[in-house]
Amino acid sequence: MYDIIINGDSLTELPKLPAESVDLIFADPPYWMRTEGILRRTEGTEFHGCNDDWDKFSSLDDYESFSLQWLKECRRVLKRSGSLWVIGSMQCIYTIGAAMQKLGYWLINDIIWHKTNPTPNFTGSRLNNSHETLIWAVKDRKSKFTFNYKTAKALNHESPSKQMGSVWRFPVCSGNERLKDSQGRKIHTTQKPLAMLERIIAISSKPGNLVLDPFAGTMTTGAAAKKLGRHYIMIEREKIYCDYGHERLKSITFEDSEISRADYDVKPIKATMPEMIRAGYFHEGEKFLLADGKEYAQLQPDGKLLYCGKIIDMHTCAALAKNLRAERVNGFDYWCVIRDNHLVSIREIRENYRNSLKH
Ligand SMILES: C[S@@+](CC[C@H](N)C(=O)[O-])C[C@H]1O[C@@H](n2cnc3c(N)ncnc32)[C@H](O)[C@@H]1O
Numbered sequence: 188m189y190d191i192i193i194n195g196d197s198l199t200e201l202p203k204l205p206a207e208s209v210d211l212i213f214a215d216p217p218y219w220m221r222t223e224g225i226l227r228r229t230e231g232t233e234f235h236g237c238n239d240d241w242d243k244f245s246s247l248d249d250y251e252s253f254s255l256q257w258l259k260e261c262r263r264v265l266k267r268s269g270s271l272w273v274i275g276s277m278q279c280i281y282t283i284g285a286a287m288q289k290l291g292y293w294l295i296n297d298i299i300w301h302k303t304n305p306t307p308n309f310t311g312s313r314l315n316n317s318h319e320t321l322i323w324a325v326k327d328r329k330s331k332f333t334f335n336y337k338t339a340k341a342l343n344h345e346s347p348s349k350q351m352g353s354v355w356r357f358p359v360c361s362g363n364e365r366l367k368d369s370q371g372r373k374i375h376t377t378q379k380p381l382a383m384l385e386r387i388i389a390i391s392s393k394p395g396n397l398v399l400d401p402f403a404g405t406m407t408t409g410a411a412a413k414k415l416g417r418h419y420i421m422i423e424r425e426k427i428y429c430d431y432g433h434e435r436l437k438s439i440t441f442e443d444s445e446i447s448r449a450d451y452d453v454k455p456i457k458a459t460m461p462e463m464i465r466a467g468y469f470h471e472g473e474k475f476l477l478a479d480g481k482e483y484a485q486l487q488p489d490g491k492l493l494y495c496g497k498i499i500d501m502h503t504c505a506a507l508a509k510n511l512r513a514e515r516v517n518g519f520d521y522w523c524v525i526r527d528n529h530l531v532s533i534r535e536i537r538e539n540y541r542n543s544l545k546h
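The numbering of the sequence shown is my numbering, which starts it at 188 and goes up by one.
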């Protein structure tokens with residue numbers, strides 16, 4: 188059963204889910220903020236931070252035992268190829284990180300969410316808290332988890348085409364994105380930015396995967412999952428958040444794109460040289476030339492090349508023929524063949540062959 192909101196307590200609802208049934212879990216648990224009294228902005232107005240009943244715990248032992256319980260259940264329902272992401276602040280992330288390691292999770296990354304519009308420290312009594320931490324973990328060290336590396340690169344708008352790093356900049360959820368009631372008051376004190384959830388889901392799950400959030404709040408995770416074509420199970424204890432969340436999810440539609448399809452990370456169709464020879468895209472004995480047309484080698488039936496009296500693979504041969512320092516390069520970047528009196532890259536011919544297999 189998926190694409191549902193379960194209005195209930197995760198400690199009783201998670202045990203009802205089948206073992207190893209979920210591909211990705213995002214958890215934004217109560218942080219146990221321990222805020223006291225009324226917080227006021229410098230001009231005197233009241234600031235509504237997180238002082239909710241659902242965020243209260245009696246002691247560190249109480250919070251630790253709660254964390255161990257839900258993390259243990261999450262580990263049970265997570266597939267061997269799945270990922271768990273947990274977000275927290277200094278109040279809770281060390282307890283959660285320790286509990287995760289106690290339970291056998293294997294940590295992949297910790298990510299700093301640098302808030303570009305943080306709430307000021309109104310009293311000026313300490314540094315302004317301008318980040319939260321995300322922990323990305325898998326079931327155990329041997330897990331073969333999804334990481335859409337190229338999709339992450341494509342999403343790295345700050346440093347285009349560079350590897351995505353572990354400091355992410357997003358504004359705190361505000362403006363129209365913030366869910367409000369009919370009086371214009373915010374529904375939830377800790378609604379997370381949709382763009383952050385989209386990034387997490389896009390880089391660590393596949394289209395059609397199942398995403399679980401055991402502390403779903405305003406259903407930000409469900410919204411991102413639906414937008415990206417993933418399924419979801421959202422668990423939330425407070426009915427009011429479920430009601431607003433339900434309306435929110437109704438308004439979201441799937442957005443088909445290279446990111447949602449994880450196109451950048453789709454493995455290309457296998458195309459070996461002997462297969463392409465058999466299919467008539469290359470011919471046994473034909474000349475393989477470098478782009479300047481000067482050096483050439485001769486194609487053998489097994490896809491290797493005859494060059495200066497030796498039979499060698501085309502990648503080593505390209506490095507030799509180009510007189511490069513590397514012993515081996517990607518031959519598809521260097522070799523050409525003659526078609527209709529023109530030099531044509533063998534990469535282009537391989538693409539034509541792959542395209543022919545798609546139809
Ligand atoms: C930090 S908020 C999550 C906010 C959410 N990520 C969003 O973007 O709206 C934590 C949520 O967990 C819910 N919660 C707390 N304890 C719970 C429990 N034992 N089971 C299910 N939900 C719980 C709270 O009601 C609250 O909405």
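C-beta: ideal position from N, C-alpha, C; glycine also. Computed from a prediction, not measured in an experiment: that's the story for all the values here.
Boundaries of the alpha helix (DSSP H) in which residue i is found, first to last residue
i    : result
C429 : K426 to K437
R541 : I533 to K545
Y485 : One point to set straight first is that residue 485 is Gln, not Tyr, in the sequence displayed. From DSSP, Q485 is part of no alpha helix (DSSP H) but of the beta strand (DSSP E) over Y483 to L486.
D248 : L247 to V264
R386 : L381 to S391
R356 : Looking at the DSSP string, R356 is not in any alpha helix (DSSP H); the run it does join, the beta strand (DSSP E), is V354 to F357.
L198 : S197 to E200
I280 : I280 to K289
Check: residue i C-beta below 7 Å from any heavy atom of ligand 1
i    : result
P217 : yes
T407 : yes
P401 : yes
S197 : yes
K373 : no
D414 : Here residue 414 turns out to be Lys, not Asp, going by the sequence shown. Answer for K414: no, Cβ out of range of ligand 1.
K379 : yes
Y428 : yes
G362 : no
G404 : yes
R176 : Since the first and last residues shown for the chain are 188 and 546, residue 176 lies out of range.
E423 : yes
W241 : yes
Straight-line gap, residue i to residue j (C-alpha atoms, nearest Å)
i    : j    : result
A324 : P401 : 16 Å
D242 : D196 : 13 Å
G467 : A506 : 26 Å
T232 : K337 : 46 Å
E462 : G472 : 15 Å
D190 : E425 : 18 Å
I499 : L399 : 51 Å
S392 : T333 : 6 Å
Q288 : S346 : 32 Å
K349 : K509 : 28 Å
For residue j and residue i, believed in contact at Cβ under 8 Å, the rounded distance
i    : j    : result
A286 : S254 : 5 Å
I141 : N335 : Given that the chain is displayed from residue 188 to residue 546, the structure contains no residue 141 and the question cannot be resolved.
I439 : R417 : About 12 Å; that fails the 8 Å criterion.
E207 : L265 : 7 Å
Y540 : A458 : 5 Å
H502 : V516 : 6 Å
L384 : A411 : 4 Å
N194 : E442 : Not a contact, Cβ separation roughly 27 Å.
E260 : P305 : Not really, about 32 Å apart at Cβ, beyond 8 Å.
T408 : I374 : The pair is not a contact, with the Cβ atoms about 16 Å apart (cut-off 8 Å).
For residue i, the first and last residue of its enclosing beta strand (DSSP E)
i    : result
W300 : W293 to K302
R150 : The question about residue 150 has no answer here: the residues shown for the chain are numbered 188 through 546.
Y494 : L492 to Y494
V209 : V209 to A214
E423 : H418 to E423
H318 : H318 to V325
L476 : K474 to L476
K497 : K497 to I499
Query raised in the report: How do the region 422–437 and the region 364–382 stand: do at least 3 beta-carbon pairs fall below 8 Å, yes or no?
Result: yes
Query raised in the report: Can we say the region 276–286 touches the region 207–226, given the rule of at least three CB pairs closer than 8 Å?
Result: yes
Query raised in the report: Would you call the region 259–269 and the region 202–217 touching, i.e. three or more CB-CB distances under 8 Å?
Result: yes
Report task. Would you check if there are 3 or more beta carbon pairs closer than 8 Å linking the region 462–479 to the region 443–454? Result -> no
Query raised in the report: Are the region 347–360 and the region 373–389 in contact at 8 Å, needing three or more beta carbon pairs?
Result: yes
Query raised in the report: With a cut-off of 8 Å, do at least 3 Cβ pairs link the region 301–321 to the region 243–262?
Result: no
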